[in-house]
Amino acid sequence: MQGLMQDWPLLLHKIIDHAARQHGSQEVVTRSVAGPITRTTYGAIRQRTLRIAKMLAKNGIRLGDRVATLAWNTDKHLEVWYGICGLGAISHTINPRLFPEQIAWIVNHAEDRLMFLDTTFVPLMEKLAAHVPTIERYVVLTDAANMPQTSLRNAVAYEEWLKETDEDYVWPEFDERTAAGLCYTSGTTGNPKGVLYSHRSNTLHAMTATSSDGLMIDYRDSVLPVVPLFHANAWGLAHAAPMRGAKLVMPGPKLDGASVYELLEAEKVTMTAGVPTVWMMLLDHLRRNNLKFSTLQRLGVGGSAFPESLIRTFEENYGVDVRHAWGMTEMSPVGSTGTIKSTLGQLTHDETMALKAKQGWALFGIEMKITDDDGRPKPWDGRAFGRLKVRGFATAAAYYRGDGGNILDEEGFFDTGDVATIDPHGYMQITDRAKDVIKSGGEWISSVDLENIAVGHPDVAEAAVIGVAHPKWDERPLLIVVPKEGKSPQRDDVIAFLRARTAKFWVPDDMQLIKEIPHTATGKINKLKLREIFKDYKLPEG
Ligand code: AMP
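Adding 754 to a residue's 1-based position in the sequence shown gives its number in this note's numbering.
Put into C-alpha cells, the structure is as follows:
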C-alpha cells in the first residue's frame, strides 16, 4: 500500500522561492568584483532568477543544456545559478584556478552552450575561446558602464542582457531527479571527471548539511562562504543559507586574511567555512594585528585535514567552535563532521580537542564502511585502517558520460580513495589518500598524521610528508617543511618533536625545507608536484 501524501518534488528553485516568501528582506551582501560592497535581499534575488531563466530560454537554452559559470562568490553568481537550474538546465561551475587547458577540456567535455563570467576572467576566455566552440554566448557579470572591450562571441553585459526581458515567468515542472549542477573533480592525475548533481540530491544534502550535527545553520546566522560556489556548491551553503533564511555574505575575489576579517566583523558573521589554508591566512592576520572576533561562533573547515593545534588555537584563543568536516565533490560534498555526541559522557578538554581533530561521524544520508584491498570489511576499532567507502542519497552513482566505468562495489558503495579508521563510536579519521599512504616494510604510515603533528611545532608554518624509495623498507617518509616567518626549524629538533608523538617506525628519516608547498586548485597539498620536486632527493644513509 502506498502512503497518501502529496508528491512535492524536491526542486532547487523552491529554496529561493521559500527564501523570498519567508525571508524576503534577509540580506545578501557582496564584496563585488569591482570592489565596493553591495547589498540585496532574497526577495530581490528571486525576482532576478526568474528573469535569468526567462532570458536563457529566449537564448535557446533548454532542459538538460549545460550553462557554465566562471565566477567568484557574489550575489550575481548565486542568482545566475538558481536561474539556470530553475529552468531545468545544468549549472556547470568551473574552478578558475584550474590550468587554462583543463578549463578548455572540461568546457568541451560538458559541451557548455553559454558562459557567465566575471570581468576578471574575460582575458582568460579570450585566449581559450577558439578552443571552446560549443559556447555560443558569453554574458559578462557586470553592467554597461564597466563592460570591457572584448572579442568574445556574442558578448553582452549581464545587466543589459537582463533588461531584454522581465520576471513574468513560471518555473517549469520537471522530475526531481533532473540534473541541476555539474562540477568536475580536480584529480591530480588523469582527466577531471564530472559529478552531476540532481535537484533531489542537492536539496536533501542541504537539509542534512544545515542540521545541528552538520554545519548548523539557521535564520539567526550570518554566513560567509569562503569556500567557492565552484567547489561543490560552496559545500552546499548556497542552498543551505537561503533554505534556512540565514544572511549570506559573499566575499568576491578577496580571500586574504585582512579582507575576510573585515567582512566577518562588518557583517556580524556567525558562521564561516573554507579550506585550512584560508584559516591559516586569517590566523596570521589576527596574530599580527592582535585582533579578536566579535560575532563569529562557528568555523566550518574541510577539504584537507585541519590539525588539532589549529583547532585549539581557534577554540582556545578565539572562542570559535570548529566544525571539522570531511567530504568530497562526489558526495555533494559534506559526509561527516566531528561534533561531540552526548553519549560519550563527560570528556576532558584535551579529549574533546583530539576528537574534533578526527573527521567525524557520518551524517544522515551517508553510510560508511572501511575495507581491505579485497573489499573485506575492517573493524570499527579506531586502529585498523581501510579504504573508506560510502553510499547515500547525495553520493555519485556514476561520473558524467560514464567516465571511469562502474564506480560502485557490489553493495553500491563508492570508493572515496581515502584511507581511514573508524572508532567504536563511529568517529572516522582520514589517515591518507590511498595513493599517498607510505608503505614501509609492509606497514602503512599515514602522511596526514605526521603532517598534523609537524605543524604543531612552533617553528613550522606548513608541512607535507611524502614517501621516498628505500632499498630495504620500500618507502620511508620524508618531511617537507615551510618555516614560520623569521624562524629556522632545525631538522633534529623537528624530528625529535615527532619522535615524542608517534610510533618509532613512523618517524620521518629526514626533513627538507621549502619556501612554499604547492597546492592544487582546491587548496590541497599537491603531492604529485612535491614528488616531482624531490625526485632526485636521496635519503641519508643509515
Ligand atoms: P574534493 O572533491 O576536492 O572536495 O576533495 C575530496 C577529498 O579531500 C577527500 O576525498 C579527502 O581526501 C580530502 N578531504 C576532504 N575533507 C577532508 C578533511 N577534513 N580531512 C582530510 N582530508 C579531507
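Heads up, the beta-carbon is just placed ideally off N, CA and C, and yes, glycines get one too.
Quick caveat, the model's predicted, so the values are computed rather than measured.
(message) Does the beta-carbon of Thr-1276, which I'm using as the reference point, lie nearer than 7 Å to any heavy atom of the ligand ZN?
(response) You won't find the ligand ZN in this model; what it holds is the ligand AMP.
(message) Quick check on DSSP: helix, strand or coil for Ile-857?
(response) The answer is helix: DSSP assigns Ile-857 an H, G or I state.
(request) Can you give me the start and stop residues for the alpha helix (DSSP H) that Arg-1230 sits inside? (result) Secondary structure note for Arg-1230: it is in no alpha helix (DSSP H), and the uninterrupted beta strand (DSSP E) holding it is 1228–1237.
(message) Could you tell me the alpha carbon to alpha carbon distance between Ile-769 and Asp-1157, rounded to whole angstroms?
(response) Cα atoms of Ile-769 and Asp-1157: separation of roughly 31 Å, rounded to the nearest angstrom.
(request) With a threshold of 16 other CB atoms inside 10 Å of the CB of Thr-1314, please say whether the residue is buried or exposed. (result) Since the first residue shown for the chain is 755 and the last is 1296, residue 1314 is missing from the structure and cannot be characterised.
(request) Whole angstroms is fine: what's the gap from Pro-902's alpha carbon to Val-1191's? (result) Using only the alpha carbons, I get a separation of about 48 Å.
(request) List the endpoints of the continuous alpha helix (DSSP H) containing Ile-1094. (result) No alpha helix (DSSP H) contains Ile-1094, which DSSP labels as neither H nor E.
(request) Within the same chain, show all residues whose beta-carbon is closer than 7 Å to that of Lys-1008, passing over the 5 residues directly before and after it, in chain order. (result) Arg-785, listed in sequence order.
(request) For Asp-1172, count neighbouring Cβ atoms within 10 angstroms of its own Cβ and tell me buried if that reaches 16, exposed if not. (result) For Asp-1172, the number of other beta carbons within 10 angstroms of its own is at least 16, and it is reported as buried.
(message) Suppose the cutoff is 7 Å on Cβ atoms and the five residues either side in sequence are ignored; what does the same chain contact list for Ile-1297 look like?
(response) With the chain covering 755 to 1296 only, the question about residue 1297 has no answer from this structure.
(request) Ignoring anything shorter than 4 residues or poking outside the segment 1250–1296, list the alpha helix (DSSP H) runs there in chain order. (result) Within the segment 1250–1296, the complete alpha helix (DSSP H) runs of at least 4 residues are 1281–1287.
(message) According to DSSP, Trp-1080 sits in a beta bridge with which residue or residues?
(response) Partner(s): Ser-1090.
(message) Here's the rule: buried if 16 or more other CB atoms are within 10 angstroms of the residue's CB, otherwise exposed. What is Phe-853?
(response) It counts as exposed.
(message) Rounding to the nearest angstrom, what Cα-Cα distance links Phe-875 and Ile-844 in this structure?
(response) If I take the Cα positions, the gap works out to 21 Å.
(request) Check each candidate in Tyr-836, Ile-1176, Glu-781 and Val-782 and name the one with the smallest Cα separation from Pro-1133. (result) The residue with the shortest Cα to Cα distance from Pro-1133 is Ile-1176.
(message) Taking the beta carbon of Gln-780 as the centre, do at least 16 other beta carbons fall within 10 Å, making it buried, or is it exposed?
(response) The residue in question, Gln-780, is buried, as its Cβ has 16 or more Cβ neighbours within 10 Å.
(request) With Thr-803 as the anchor, note down where its alpha helix (DSSP H) starts and where it stops. (result) Element bounds for Thr-803: 796–812.
(message) I'd like the list of long-range same chain contacts for Asp-1228, defined as Cβ closer than 6 Å, with 5 residues on each side in sequence excluded.
(response) So the qualifying residues of the chain are Lys-1193.
(request) In angstroms with no decimal places, state the Cα-to-Cα distance between Glu-1021 and Pro-1262. (result) For Glu-1021 and Pro-1262, the distance between alpha carbons rounds to 45 Å.
(message) List, from N- to C-terminal side, the alpha helix (DSSP H) runs of 4 residues or more that fit wholly inside the segment 1192–1233.
(response) The qualifying runs are 1201–1208.
(request) Pick helix, strand or coil for Trp-826, following the three-state DSSP scheme. (result) In the structure shown, Trp-826 sits in coil (DSSP, three-state: anything other than H, G, I, E or B).
(request) Please name the residue in Pro-982, Ile-1094 and Tyr-892 whose C-alpha comes closest to that of Gly-1277. (result) Minimum Cα distance to Gly-1277 is reached at Pro-982.
(message) Looking at the secondary structure, which residues open and close the alpha helix (DSSP H) in which Pro-877 lies?
(response) That run of the alpha helix (DSSP H) goes 876–882.
(request) Could you pull out every unbroken beta strand (DSSP E) segment of at least 3 residues lying fully inside the segment 875–954, listed in chain order? (result) Every beta strand (DSSP E) of 3 residues or more that sits fully in the segment 875–954 is shown, in chain order, as 891–894, 933–939 and 947–952.
(request) Note down the Cα distance separating Arg-775 from Ser-1063, rounded to an integer number of angstroms. (result) Each residue's Cα considered, the two are about 43 Å apart.
(message) What does the Cβ neighbour count give for Leu-1299, buried or exposed, with the cut at 16 atoms within 10 Å?
(response) Outside the shown range of the chain (755 to 1296) lies residue 1299, about which nothing can therefore be said.
(request) Please indicate yes or no: does the CB of Arg-820 lie closer than 7 Å to some heavy atom of the ligand AMP? (result) No heavy atom of the ligand AMP is found nearer than 7 Å to the CB of Arg-820.
(message) So, with DSSP's three-state summary, where would you put Phe-1068?
(response) Note: Phe-1068 maps to helix in three-state DSSP.
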